[in-house]
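What follows is one structure encoded as structure tokens, with my remarks underneath.
So this is what it looks like as structure tokens:
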């Protein structure tokens with residue numbers, strides 16, 4: 001996997017970031033949230049590879065189920081740019097569609113089986 005520094009943003013431009021990550025192999029997750037947001041995601045990368053250039057105060061956090069994964073969204077436009085994974089909180093993924101220099105439709109993707117991760121039942 002070849003790692004490059006990519007520039008990215010949400011749709012409205014309030015959140016801007018750089019990330020050092022390969023874009024292949026790209027994945028789509030089949031968990032209940034990812035299935036609904038439909039994003040094509042990068043391979044895992046370490047937290048230190050992500051740099052929020054501007055707009056950190058424009059991010060809102062969404063967590064569900066085990067409350068481990070941290071899914072970030074822009075408060076203004078609602079776009080999901082990146083998340084901290086449940087599998088390993090030291091690993092992150094970025095929404096490839098938010099990267100300025102990458103055509104997500106030109107990439108092949110596989111499915112990450114988030115659906116099979118354990119579910120916390122309501123008490």
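Numbering (the UniProt record's numbering), first residue to last: 1 to 123. Glycine included, C-beta positions come from ideal geometry on N, C-alpha and C. Predicted, not measured: the structure shown is a model, and the values here were computed from it.
Boundaries (first-last residue) of the alpha helix (DSSP H) holding residue 36
As a working mapping, residue 36 is identified with position 36 in the chain shown. It spans 32 to 37 - the alpha helix (DSSP H) in which residue 36 sits, taken as one unbroken run.
- Are the CB atoms of residue 40 and residue 81 nearer to each other than 8 Å? By 1-based counting over the chain shown, the position of residue 40 is 40. By 1-based counting over the chain shown, the position of residue 81 is 81. No, the pair does not count as a contact, with Cβ atoms beyond the cut-off.
For this session: List the endpoints of the continuous beta strand (DSSP E) containing residue 61.
Result: Counting from one through the chain shown, the residue named residue 61 turns up at place 61. That run of the beta strand (DSSP E) goes 59 to 62.
8 Å Cβ cutoff met for residue 73 and residue 51:
Mapped onto the chain shown, residue 73 falls at position 73. Mapped onto the chain shown, residue 51 falls at position 51. Going by C-beta atoms, residue 73 is not nearer than 8 Å to residue 51.
- request: Report yes if the CB atom of residue 84 is closer than 8 Å to the CB atom of residue 75, and no otherwise.
  value: Start at 1 with the first residue of the chain shown, and residue 84 comes out as number 84. Start at 1 with the first residue of the chain shown, and residue 75 comes out as number 75. It is not a contact, given that the beta carbons lie outside the stated cut-off.
- Task: Using the DSSP secondary-structure output, state which residues sit across from residue 12 in a beta bridge.
- Result: Residue numbering aside, residue 12 sits at position 12 when the chain shown is read from its first letter. The partner list for residue 12 (beta bridge, DSSP) is empty, contrary to what the question assumes.
Note to self: My assumption, with CB atoms under 8 Å, is that residue 86 sits in contact with residue 111. Please give the rounded CB distance.
What the structure shows: Taking the chain shown and counting its residues from 1, the one referred to as residue 86 is at position 86. Taking the chain shown and counting its residues from 1, the one referred to as residue 111 is at position 111. Rounded, the Cβ-Cβ distance is 16 Å, inconsistent with contact.
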